[in-house]
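According to the numbering used here, the sequence shown is numbered sequentially starting from -4.
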Amino acid sequence: MDIKKIRAETPGIAHGIHLLACGSALAPRPVVDAVMSYLDLEARIGGYEAHAQEAQMLDATYGSVARLIGAKPHEIAILENATVAWCQAFYALPLKKGDRIITCQAEYAANYVAYLHRQKTEGIEIDIVPNDETGALDLTALETMITERTALISITWVPTNGGLVNPAVGVGAIAKKHGIPYLLDACQAVGQMPVDVEALQCDFLSATGRKFLRGPRGTGFLYIRETWLESLEPASLDHFSAPLVDSSRYAVRADARRFETWENSYALRAGLKVACDYAMDIGLDAIQQRAWMLAADLREKLVELPGCSIMDLGAEKCAIVSFTIDGLDPQFAVNSLREKGIAIGMTNQASSLLDAERRNLPVMLRISPHYYNNESDLDACFAALEELV
Ligand SMILES: Cc1ncc(COP(=O)(O)O)c(C=O)c1O
-4 MDIKKIRAET PGIAHGIHLL ACGSALAPRP VVDAVMSYLD LEARIGGYEA HAQEAQMLDA
56 TYGSVARLIG AKPHEIAILE NATVAWCQAF YALPLKKGDR IITCQAEYAA NYVAYLHRQK
116 TEGIEIDIVP NDETGALDLT ALETMITERT ALISITWVPT NGGLVNPAVG VGAIAKKHGI
176 PYLLDACQAV GQMPVDVEAL QCDFLSATGR KFLRGPRGTG FLYIRETWLE SLEPASLDHF
236 SAPLVDSSRY AVRADARRFE TWENSYALRA GLKVACDYAM DIGLDAIQQR AWMLAADLRE
296 KLVELPGCSI MDLGAEKCAI VSFTIDGLDP QFAVNSLREK GIAIGMTNQA SSLLDAERRN
356 LPVMLRISPH YYNNESDLDA CFAALEELV
């Protein structure tokens, strides 16, 4: 990996130290250029005309997203964020009173709200798999919880609030063995590690553009395995997802774009395409290795700080580092570091409520280095935190 080149291609690096890829990462110059030049084209020749001129490139975005996760282009819907992508799949699934959903302790709050919503409106039931002794989803417990009422296994691979990596491949094997649909929230995984829907054996996968993938904000995507494409109808339709055949009939599109609507930000899609290509050019294995190594180094440094507790769960830890420091208000720490040009973040209980309640978590500090960061970024961050304790 040519770190010098990668850093030179990252405009944000000239403006400070950014250590929050799990929030919204620094985009590389080619992504920024793709968005800006598309907007510029729209300004010069008009939105519809730009779309016609760039149709091939825009269509190729589906190919780029698909390649990134080992899928086929017709299995991809491009949406405005991961939540919309996830909801499109979840609310399309026909569940009836008494059907059970199995989820995990680390589940993202938005997904859990949707489970509660369908519990309230349709009478579904929610089962939560306990963690194993390392804090990751317990695969043995998962298998014992499956009953003939289990209608969906839906988990978060990497949570928003820490370095845990749930055993998503193992979950896929169990889901497949029992013939249960599997919905995977890969929002924090895509862009920081290789993702392969065949290895995962998931039926649906959602992700965002702006986090580790380094794409523009306002982008996300949904993968739908092709075997579902004929049967799974979106909860809502328009004349893009289901063009009118005549005044009494529509025909739902055959591809995953049945989960999209007519109007979109094509400038952002252009950026998303470049973000996928950029990550694949560097290589997801290499990205994972470096980002995880930087996070591991940071954890090693942080434990030296008096009163610091690393809160990440699991035997295998990714590039999200969550921690607390006794007596240090997280908001004060974030603000103080921001004044020094260092961006770190916080994670509050509400975004991963099940985990927060189970572990009685306070608001935590959250740092996520990406492959474009270096040791001196970590040193500067550590020194700034050291001054506060
Ligand atoms: C695990 C996880 N899932 C889903 C989301 C939602 O993503 P988006 O904000 O793109 O809808 C997030 C965002 O932080 C997340 O961390």
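Even for Gly, the Cβ is constructed at its ideal location relative to N, Cα and C. Since the model is a prediction, treat every value here as computed from it, not as a measurement.
- Task: Put Val240 into one of helix, strand or coil per three-state DSSP.
- Result: strand
- Item | Proximity to Ala184 [Cα-Cα], best of Glu128, Ile141, Gln83, Gly18 | Gly18
- For Cys313, three-class secondary structure by DSSP: coil
- Where the beta strand (DSSP E) through Cys99 begins and ends: 95 to 99
- Query: If you run the structure through DSSP and keep just helix, strand and coil, what is Gly215?
  - Reply: DSSP places Gly215 in strand when its eight states are reduced to three.
- Item | C-beta contact flag for Pro25 and Val240 at 8 Å | no
- Message: If contact is defined by three or more beta carbon pairs under 8 Å, each pair taking one atom from either stretch, is the segment 250 to 258 in contact with the segment 53 to 73?
- Response: yes
- Query: Measuring CB to CB, does Cys182 end up less than 8 Å from Ala163?
  - Reply: no
- Start and end of the beta strand (DSSP E) containing Thr404? Past the boundaries of the shown model lies residue 404; the chain is included only from -4 to 384, so the question cannot be answered.
- Unbroken stretches of the beta strand (DSSP E), 3 residues or longer, contained in the segment 123 to 155: 145 to 151
- Message: For Trp257, count the other beta carbons within 10 Å of its own beta carbon; 16 or more makes it buried, fewer makes it exposed. Which is it?
- Response: exposed
- Query: How is Cys303 classed by DSSP in three states: helix, strand or coil?
  - Reply: strand
- Query: For the putative contact between Leu14 and Ile337, defined by C-beta atoms under 8 Å, what is the C-beta separation to the nearest angstrom?
  - Reply: 7 Å
- Is the beta carbon of Cys182 within less than 7 Å of some heavy atom of ligand 1? yes
- Item | Residues near Ser236 by beta carbon distance below 8 Å, same chain, minus five either side | Pro229, Val247, Arg248, Arg252, Arg253, Phe254, Glu255, Thr256
- Task: Have a look at Ala345 and Tyr43 and give me their C-alpha separation to the nearest angstrom.
- Result: Near 41 Å, if we compare the C-alpha coordinates of Tyr43 and Ala345.
- Message: Which same chain residues end up closer than 8 Å to Pro238 when comparing Cβ atoms and leaving out the 5 residues on each side of it in sequence?
- Response: Tyr245, Ala246, Arg248
- Query: Where does Asp180 fall in DSSP's three states?
  - Reply: strand
- In angstroms, rounded to a whole number, what distance separates the CA positions of Arg354 and Thr129? 13 Å
- Terminal residues of the beta strand (DSSP E) in which Ala202 lies: 199 to 203
- Within 10 angstroms of its Cβ, does Met(-4) collect 16 or more other Cβ (buried), or is it exposed? exposed
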